[in-house]
Each structure stands twice: as C-alpha cells, then as structure tokens.
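Final position of the sequence shown in our numbering is 842; the numbers increase by one with none missing.
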Amino acid sequence: MSRFVQPVPPPVDPYAGDGLLRSWLERHLGPGGHAAAKGRLADLAADVTGPLRAAHADAEAHPPTLVRYDPWGARIDRIDTSAGWQAQRAAAARHAVVALPYLPDARGTWGAAARVVQHALLHLYGPESATFSCPVAMADGAAALLSMPDVDATVRDAWLPRLISTDPATAITSGQWMTESQGGSDLGRSSTLGRPAADGSWRLTGEKWFCSAADAAMAVALARPEGAGRGSRVLAPFLVPRYAVDSPLADGAAPGAPAPGVTVHRLKDKLGTRALPTAEIGLRDAYALPLGDPAVPGLVRAMTLVVVTRVHNAAAAAGGMRRGVAYARAYAEVRHVAGGPLVSSPLHRATLGTLAVDAAGAFALAGHAFALLGRVEVGADPEAAAELRIVAPLAKLATGRLAVSSASEYVESFGGAGYVEDTGVPRLLRDAQVLPIWEGTTNVLALDVLRALTREDAGAPLLSRLAAAVDLARPLSPVLADTLAAVAAQLAETITAVTVDPGASGVLAGARGLALRLAYALTTALLVEHAAWGDEQAELAARLWARRWLRHEEIAEDAHHHLDLLC
C-alpha cells in the first residue's frame, strides 16, 4: 500500500486575494492613488509568494551565530546571518518598505497617505520576512527621529539617506538599545551614562540587555547625560555606529569589525523570532552622536521612534493574522475529514470565520494608526496627533494579544502537523508571542493609555470618533448602532471617573480592561466607517466584531455561513 502524503497548497496571492486590503486602499487612496500603488504591491506579492518564502525558510533554518574571536585570538564580535536573512534585507530596501513615506515622489503622489501604502507593503512583507520586519520597524523609527528639526543636520545628512535607501548595496537598518537588565520597561533605572567629547560627539558607557537587530549598522541608544540627574525624562537618544567603518575612533580596523567600545556579550536564545539576531551589548566609551540637544530632556524625542515601532508592531500582528487565516483556509480546502473536505465542516468553518473577523479588526486598527501617523508627518495635523497619542498604544496592545490567541488556533487547525517544526506552522505561535512584549507589555501600554486619558485628554478624539460611527452604523444595522452607542456612553462615564483619581488602586488595577474596551470599541467604529463607504466584508465584520468583543456573544453560526465573504 502506498504511503499517503498530504498536499499542502500555498495560500492565495496576498494582494490580489485580500479583498479588505484592496478596498481599504481604494477608499484611502482613491482610485487613482490605488492604481498608482498597484504595480508596487503586485511586485512585492510576487516576491513574497516566491523567493521571499524560500528566503524565510532559509533564515529560520540557519539562525544567526556570534563569532567572538578571529583565528589569532583578536576579539571581533561578528554576527553571521544566513543567505535568507540577507535576501530579506535586500528585498526590504528594493521594495521601499522603510523608505516609501520619506521619498519625495511618494509624498508627491499620495501625500499623507504614503503611510497607508507603506502599511499595505508591511501587510504583505511581514509574515514571510523571518521577522526582518523588526529591523524594518526600527529603521523607520530611527528615520523618523533623524527627520526631526532639532537633530543636527550633519548627523541627519550622514545617516538618514542610508536608512531610506532603496539600493540594497547602500541601505542599512537600525537597532534599538534602550532596555537594561535592572530596569526593563522602567527606563528611569537606566544606568548608561553619556559624556560629551571635545568634537561634539559623545561617549557612552553602560550595559544594554535586549538589543534587537544587533547586526544593524547603527542603533539608537538611550543614555543619561553626565550631570542630568535621576528619572527617565532626562534620558537622551544617541546614534551609535555598530561598526568600525563608521566610527572615527577606529584606526585601521578590518571591514566588518565592531566599533571601538561596542562588545557583543552573547546572542539571546529566544522562544521565537529565531532568525533575528538579538544580543546583550556592552558599551565602554563608545562613540555616539546626540539626536537633539542632550541638555534638553530627551525621552519625549525618543517617543517619536517608539510610536513608529508600536504601529509597526500592530502591522506585524495584523499581517500575521491575515496570513495565518489564509494558510489555515488553504489547508482546510484539501484536507479530508469524515468523508469530505475539512472546509465543509460547519464547526471548522465557524472557527475560520471567527479568526477572519479578528484579522479584519486587527487590520483596520493597524491601518488607522498608519493613516494617523501620515497625517501627523505630512501637514502636522493636530487632531491626528491627539488621536495617535492614544491609538498607537491601543493598536499595539490589542493586536498583539489577538495575534497570540489567533496563532494558537492556526497551529491547532493543522492538527498534529501544526506541532511539527519543519512544517513551519509552530513558528506562527512562537513568533506571535513577541508582539505583546516588544515595545511594552499589555500592562505597560495600558498604563500609558491611562496617562494619555488623564493627563492629555486623549479620550476626547476617541469618543468623538465613536459618536460619529454610531450615526454611520444606524442605516447599516440599528442593533450595531445601539451597541456602539451604549459602549461609548459607558466608556465616557468610565473615562470621567478615572480622571478624578487616576492613582487609585481600582483605577490602576482596571487599566488593562479599560484599554482593551477602548480598543475594541474603536475597532468597531473603524469597521463601521469602512462599511459605510461601501465594503460588504467590513459591514459583516463590524457586526460580528461588535457581537464578539462588545456584547460577548457567540458568532459561530454567522461565521460559518459567511466564511467565503470573510476570507
């Protein structure tokens, strides 16, 4: 008897087969703007389904290694990465995944909506990138920080063009060296010290505990300027060249040698994101360039980078969720159970449909964050800035949690094959777990949301959007409108209450629940907005999302019946 081998088809084309993505672009860019983006998106989709999928597998199979010494005993701290990782690096540059919103021709074509196009690129690129989406995010954050007017022009001109280059031969990425073992997210305990040098540069000394993209050509590091005092507000961002070629302190160093004063202690052995080199790095009088005036408290400046990386985190979560649904659906089409294809099972269809609803909500939330970011950068829109202040942490925390729960379902949907490493399915769960952790855990972000509500009146733009969505929902579904109106009223009452005594133990203990309710209500509003524009899938997703996350009802039957519309 011949041995049965289960065929596993690839999912549909991630651009042509994603109706919600395409209608979102049509709405936000207009027909002409979408037409201008189609070639770029189709080219990336073709790469994703071909060479980048293979590069992804290669990078996962050959994780980075640290070579501390050369054959003669000299300390070299070289991080070797695979051909697949290098292919991902080249593709990110070639497809302008970082560069697009900074390119004059892109801003000329799409204006503030260049960030909307970038989000679409990330939605396609991230799930097959072997998490090269992480250095992409940090490079974008560093570029945004370097673009600020208070950064010295000579520093900007030396480094920004390299971060936003579309030539793989010259493009670089950035790392992010912020956390230290004694503090973690408590940046106020940071002990890395910076002292000025006579030439205007600085020297940093300290220990950084979790440095992602440790092979990047530069990093943005936080340090406490000499004499600045205690606390986190006074910390300042610095640009640290990773390699000797970019450090004036190096003299005759070999190509690829680390910059003087930069030591890679070890690579992290992580649960997931295994292709991504993450390290513990020591600094001993390392050459650094200030990004802004270090005499001015700099944590606010550094938040420019953090906002960008948080919305990238949301994009990675949403993109991974959409690709996970696509993989599970493709498998269900060919897997036979109880005499028929798995996709014909009402129970399995309900599971897939529910996952598709969550993926649609995550996409809308991440997409909205990118649209706001573009409006802030192009036009300095104050209303967008006020809303982004709360949307960035909400989008990050809500999509990160959804990504983990969804990834667990994707693994389960493959049965035993989903538990076998070389199918590639387990990494969906391993890699998803970083999303609620990086750039702030759920609790850290919930407290940030609380600060935004109580100190900056950040609830006002959110409640305004919810009120407008109630009116838009009324013609679509009175039940949906009533649900959203009731939740909005409850949230308004809660926000008013927490501002009375934001430090009360009950307020602090309930911060996570409040943040998630805000995120779920906002997502409902965003899906309603897209539905009112005329998208049938968004209308169905809005109704089911509201029932699932606002009313806590079972949506299995509708998810089963409408699976083909949902995904």
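Ideal Cβ positions, reconstructed from N, Cα and C, are used throughout, including at glycine.
- Message: For Ala321 and Trp360, I'd like the C-alpha separation in whole angstroms.
- Response: Along the sequence shown, read from residue 1 onward, the residue named residue 321 stands at position 46. Along the sequence shown, read from residue 1 onward, the residue named residue 360 stands at position 85. CA-CA distance, Ala321 to Trp360, rounds to 18 Å.
- Message: For a test of the three-state rule: what should DSSP assign to Arg302, helix, strand or coil?
- Response: Position 27 of the sequence shown, counted from the first residue, corresponds to residue 302. It is helical.
- From the DSSP output, read off the bridge partner residues of Gly481. The residue given as residue 481 occupies position 206 in the sequence shown. Answer is Leu558, bridged to Gly481.
- Message: What residue range does the alpha helix (DSSP H) around Tyr602 cover?
- Response: Within the sequence shown, the letter at position 327 stands for residue 602. Counting along the chain, the unbroken alpha helix (DSSP H) around Tyr602 starts and ends at 574-609.
- Task: With Pro516 as the anchor, note down where its beta strand (DSSP E) starts and where it stops.
- Result: In the sequence shown, the residue the question calls residue 516 occupies position 241. Following the DSSP letters along the chain, one finds Pro516 inside the beta strand (DSSP E) bounded by residues 511-516.
- Helix, strand or coil at Leu451 [DSSP, three-state]: Position 176 of the sequence shown, counted from the start, is the residue given in the question as residue 451. This sequence places Gln at residue 451; Leu is not what is there. Gln451: strand per DSSP, three-state reduction.
- Does the beta carbon of Arg437 fall short of 7 Å from some heavy atom of the ligand GDP? The model on display carries no ligand, and the ligand GDP is accordingly not part of it.
- Cα-Cα separation, Pro326 to Thr406: For the purposes of this step, residue 326 is taken as the residue at position 51 of the sequence shown. For the purposes of this step, residue 406 is taken as the residue at position 131 of the sequence shown. For Pro326 and Thr406, the distance between alpha carbons rounds to 16 Å.
- Task: Label Pro376 either buried or exposed according to how many other C-beta atoms from any shown protein chain fall within 10 Å of its C-beta, with 16 as the threshold for buried.
- Result: Position 101 of the sequence shown, counting from 1, holds the residue named residue 376. Buried: at least 16 other Cβ atoms inside 10 Å.
- Item | Those residues which DSSP pairs with Ile354 across a bridge | Taking the first residue of the sequence shown as 1, we reach residue 354 at position 79. According to DSSP, residue pairing for Ile354 in a beta bridge involves Leu341.
- Item | Under 8 Å between C-beta atoms of Pro455 and Thr584 | In the sequence shown, residue 455 corresponds to position 180, counting from 1. In the sequence shown, residue 584 corresponds to position 309, counting from 1. According to the sequence displayed, residue 455 carries Glu and not Pro. The answer is no: Cβ separation not under 8 Å.
- Query: So, using beta-carbon positions, are Gly594 and His398 closer together than 8 Å?
  - Reply: For this step, residue 594 is matched to residue 319 along the sequence shown. For this step, residue 398 is matched to residue 123 along the sequence shown. Yes. Within cutoff.
- Task: For the beta strand (DSSP E) containing Arg499, list its first residue and its last residue.
- Result: If you number the sequence shown from 1, residue 499 lands on position 224. Taken as a continuous stretch (DSSP letters only), the beta strand (DSSP E) holding Arg499 covers 493-500.
- Task: May I have a chain-ordered list of the alpha helix (DSSP H) segments no shorter than 4 residues that lie completely inside the stretch 686-748?
- Result: 701-707, 717-731
- Within 10 angstroms of its Cβ, does Asp380 collect 16 or more other Cβ (buried), or is it exposed? Working through the sequence shown from its first residue, we reach residue 380 at position 105. Classification of Asp380: exposed, given that the 10 Å Cβ count is below 16.
- Message: Please identify the residue among Gly547, Arg505, Gly506, Asp432 whose C-alpha is closest to the C-alpha of Gly699.
- Response: Within the sequence shown, the letter at position 424 stands for residue 699. The shortest Cα separation from Gly699 among Gly547, Arg505, Gly506, Asp432 belongs to Gly547.
- Query: Are at least three pairs of beta-carbons, each pair with one atom in the stretch 335-342 and one in the stretch 632-639, less than 8 Å apart?
  - Reply: Output reads no: the stretch 632-639 does not touch the stretch 335-342.
- What does Val539 pair with, by DSSP beta-bridge criteria? Here the question's residue 539 lines up with position 264 in the sequence shown. Ile556.
- Is it buried or exposed for Phe279, if we count other Cβ within 10 angstroms and need 16 for buried? Your numbering for residue 279 matches position 4 in the sequence shown. When all chains shown are included, Phe279 counts as exposed.
- By DSSP, does Ala563 sit in helix, in strand, or in coil? Taking the sequence shown and counting its residues from 1, the one referred to as residue 563 is at position 288. Ala563 falls in the strand class under three-state DSSP.
- Message: Please classify Met493 as buried or exposed, where buried requires at least 16 other C-beta atoms within 10 Å of its C-beta.
- Response: Mapped onto the sequence shown, residue 493 falls at position 218. Classification for Met493: buried.
- One or two residues paired with Val679 in a DSSP bridge: On the sequence shown, residue 679 is found 404 positions in, with the first residue counted as 1. Partner residues in a beta bridge of Val679, as assigned by DSSP, do not exist.
- Message: Quick check: Leu704 and Ala682, are their CB atoms within less than 8 Å of each other?
- Response: If you number the sequence shown from 1, residue 704 lands on position 429. If you number the sequence shown from 1, residue 682 lands on position 407. Yes, they are a contact pair.
- Item | Burial state of Tyr694 (16 or more Cβ within 10 Å) | Stepping through the sequence shown from its first residue, residue 694 is reached at position 419. Looking at its Cβ environment, which holds fewer than 16 other Cβ atoms inside 10 Å, Tyr694 is exposed.
- Message: Once DSSP output is grouped into helix, strand and coil, what is the label at Arg826?
- Response: By 1-based counting over the sequence shown, the position of residue 826 is 551. The answer is coil: DSSP assigns Arg826 none of H, G, I, E or B.
- From which residue to which residue does the alpha helix (DSSP H) around Pro753 run? Stepping through the sequence shown from its first residue, residue 753 is reached at position 478. Note, Pro753: alpha helix (DSSP H), 753-775.
- Which residue comes first and which comes last in the alpha helix (DSSP H) that contains Arg787? Taking the first residue of the sequence shown as 1, we reach residue 787 at position 512. Element bounds for Arg787: 786-808.
- List the residues that DSSP assigns as beta-bridge partners of Ser277. Sequence index remark: in the sequence shown, residue 277 carries index 2 (1-based). Paired residue(s): none; Ser277 is not in a bridge.
- Val237 in three-state terms, based on DSSP: Given that the chain is displayed from residue 276 to residue 842, the structure contains no residue 237 and the question cannot be resolved.
- Residue range of the beta strand (DSSP E) that Arg382 falls in? Residue 382 sits at position 107 when you count from the first residue of the sequence shown. Unbroken run through Arg382 is the alpha helix (DSSP H), 379-385; no beta strand (DSSP E).
- Are the C-beta of Glu301 and some C-beta of chain B separated by less than 8 Å? Note that chain B does not occur in the displayed structure, where there is just one protein chain.
- Paired residues, beta bridge with Leu468 - DSSP: Counted from its first residue, the sequence shown places residue 468 at position 193. Beta-bridge pairing links Leu468 to Thr480, Arg499.
- Pull up the distance between the alpha-carbon of Val632 and that of Pro616, whole angstroms please. Here residue 632 refers to the residue found at position 357 of the sequence shown. Here residue 616 refers to the residue found at position 341 of the sequence shown. Spanning the two alpha carbons is a distance of roughly 22 Å.
- Message: Excluding the 5 residues flanking Val342 on each side, which residues of the same chain have their C-beta closer than 7 Å to its C-beta?
- Response: Reading the sequence shown from its first residue, position 67 is the one you call residue 342. The residues are Ile351, Arg353, Asp355.
- Task: Would you kindly work out how many angstroms separate the C-alpha atoms of Ala472 and Glu687, rounded to a whole number?
- Result: Residue numbering aside, residue 472 sits at position 197 when the sequence shown is read from its first letter. Residue numbering aside, residue 687 sits at position 412 when the sequence shown is read from its first letter. Those two C-alpha atoms are separated by around 57 Å.
- Task: Note the first and the last residue of the continuous alpha helix (DSSP H) segment covering Pro410.
- Result: On the sequence shown, residue 410 is found 135 positions in, with the first residue counted as 1. 408-421 is the span of the alpha helix (DSSP H), which, as asked, contains Pro410.
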